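Reading through the structure tokens given below for one structure.
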Amino acid sequence: KNQVEQSPQSLIILEGKNCTLQCNYTVSPFSNLRWYKQDTGRGPVSLTIMTFSENTKSNGRYTATLDADTKQSSLHITASQLSDSASYICVVSPYSSASKIIFGSGTRLSIRP
Amino acid sequence: GAGVSQSPSNKVTEKGKDVELRCDPISGHTALYWYRQSLGQGLEFLIYFQGNSAPDKSGLPSDRFSAERTGGSVSTLTIQRTQQEDSAVYLCASSLEGRGPMNTEAFFGQGTRLTVV
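Residue numbers (this note's numbering), protein chains in the order written: chain L, 63 to 175; chain G, 4 to 120.
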């Protein structure tokens, strides 16, 4: 069964600190893995995308890594800002147009001043 | 429009009433998803439409929930005899069908916040 699991479920850190969010998946074969950011009261928005052949992808202070062998991905946030407070969702697309995209349940990140 | 549009943005209904939530996907997107998000919780899959294939209804929590997608475009999620536990944000997303790493990004609407009183 295709699954995406994220950890931790929630995280609180102080402004300026770094953090890493984890995503484990069982989707195979897969086409790509995306990290989405969902601000409170808004729909999720894509942050990064990685195909199975990519190991890392950066978007400003966000860096995503992918290990296709262990089926793990991480999202690292550097020098966190208050605006980083949001839910971060890991999404994996199977390599089949007949299969639906699989969403993780997300990590809720809170940045404290 | 350029994005996924959902209506209404907010809906307050009395327990026991039926409600209909609407989703207009991005033009040309053949895959459409409905998700539910309770306060402070992650996304809960409800139903998935892709092209002319039979929808994947495996996430619908009860037979009070149903959805249809007319003409491969607009979708309506219907909740009959609403209960207080149905209160949540209902999110719709669409994506472009097809293989390839750049074709499967899901674009989300802003959601419909449903409150059952």
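In this text, a Cβ means the ideal position worked out from N, Cα and C, and glycines have one as well. Here the structure is a predicted model, which means the values were calculated and not measured.
Residue i in three-state terms, based on DSSP
i, result
"aspartate 129 of chain L", "strand"
"serine 98 of chain G", "strand"
"glutamine 71 of chain L", "coil"
"leucine 144 of chain L", "helix"
"leucine 117 of chain G", "strand"
"glutamine 87 of chain G", "helix"
"phenylalanine 110 of chain G", "strand"
Extent of the continuous beta strand (DSSP E) to which residue i belongs
i, result
"alanine 70 of chain G", "68-72"
"threonine 118 of chain L", "118-121"
"alanine 34 of chain G", "34-40"
"glutamine 84 of chain L", "81-87"
"isoleucine 111 of chain L", "107-113"
"lysine 20 of chain G", "Lysine 20 of chain G -> no beta strand (DSSP E), and no H or E assigned at all."
"threonine 79 of chain G", "78-82"
"serine 93 of chain L", "92-100"
"asparagine 13 of chain G", "13-16"
"serine 172 of chain L", "169-174"
Under 7 Å by beta carbon: chain G residues contacting residue i
i, result
"proline 106 of chain L", "Phe111"
"arginine 177 of chain L", "The shown model of chain L, from 63 to 175, leaves out residue 177 of chain L, and the question about it has no answer."
"glycine 168 of chain L", "Gly45 and Leu46"
Chain-ordered chain G contacts of residue i [CB-CB under 8 Å]
i, result
"valine 66 of chain L", "None at all; the shortest Cβ gap to chain G is about 10 Å."
"serine 135 of chain L", "Within chain G, no residue comes near serine 135 of chain L; the closest Cβ sits about 15 Å away, beyond 8 Å."
"valine 153 of chain L", "Ala109"
Interface partners of residue i on chain L, CB under 8 Å
i, result
"aspartate 59 of chain G", "Lys162"
"tyrosine 93 of chain G", "Those do not exist, as tyrosine 93 of chain G stays about 11 Å from chain L at its closest Cβ, beyond 8 Å."
Strand pairing of residue i, partner residues [DSSP]
i, result
"aspartate 27 of chain G", "G:Ser8"
"glutamine 44 of chain G", "DSSP output for glutamine 44 of chain G lists no bridge partner at all."
"aspartate 145 of chain G", "Outside the shown range of chain G (4 to 120) lies residue 145 of chain G, about which nothing can therefore be said."
"glutamine 134 of chain L", "L:Asn86 and L:Asp129"
"isoleucine 139 of chain L", "L:Cys81 and L:Tyr124"
"serine 65 of chain G", "Paired residue(s): none; serine 65 of chain G is not in a bridge."
"tyrosine 150 of chain L", "L:Lys99 and L:Thr169"
"tyrosine 93 of chain G", "G:Arg39 and G:Thr115"
Amino acids of chain L, ordered along the chain, whose beta-carbon sits closer than 9 Å to that of residue i
i, result
"phenylalanine 48 of chain G", "Lys162, Ile164 and Phe165"
"glycine 114 of chain G", "Gly103, Arg104 and Gly105"
Amino acids of chain L, ordered along the chain, whose beta-carbon sits closer than 7 Å to that of residue i
i, result
"serine 98 of chain G", "Ile163"
For this session: Assess, as a yes-or-no matter, whether the segment 87-105 of chain L is touched by the segment 125-134 of chain L under the definition of 3 or more beta carbon pairs within less than 8 Å.
Result: yes
Problem set entry | Residues in the segment 13-46 of chain G having any Cβ partner in chain B nearer than 8 Å | Absent from the structure is chain B; the protein chains it does hold are L and G.
Exercise. How do the segment 64-71 of chain L and the segment 100-120 of chain L stand: do at least 3 beta-carbon pairs fall below 8 Å, yes or no?
Worked result: no
Problem set entry | Segment contact flag, the segment 80-96 of chain G with the segment 17-26 of chain G, C-beta cutoff 8 Å, min 3 pairs | yes
Exercise. Is there contact between the segment 40-47 of chain G and the segment 160-173 of chain L, where contact requires at least three CB pairs shorter than 8 Å?
Worked result: yes
Problem set entry | Segment contact, 8 Å Cβ cut-off, at least three pairs: the segment 139-148 of chain L with the segment 71-90 of chain L | yes
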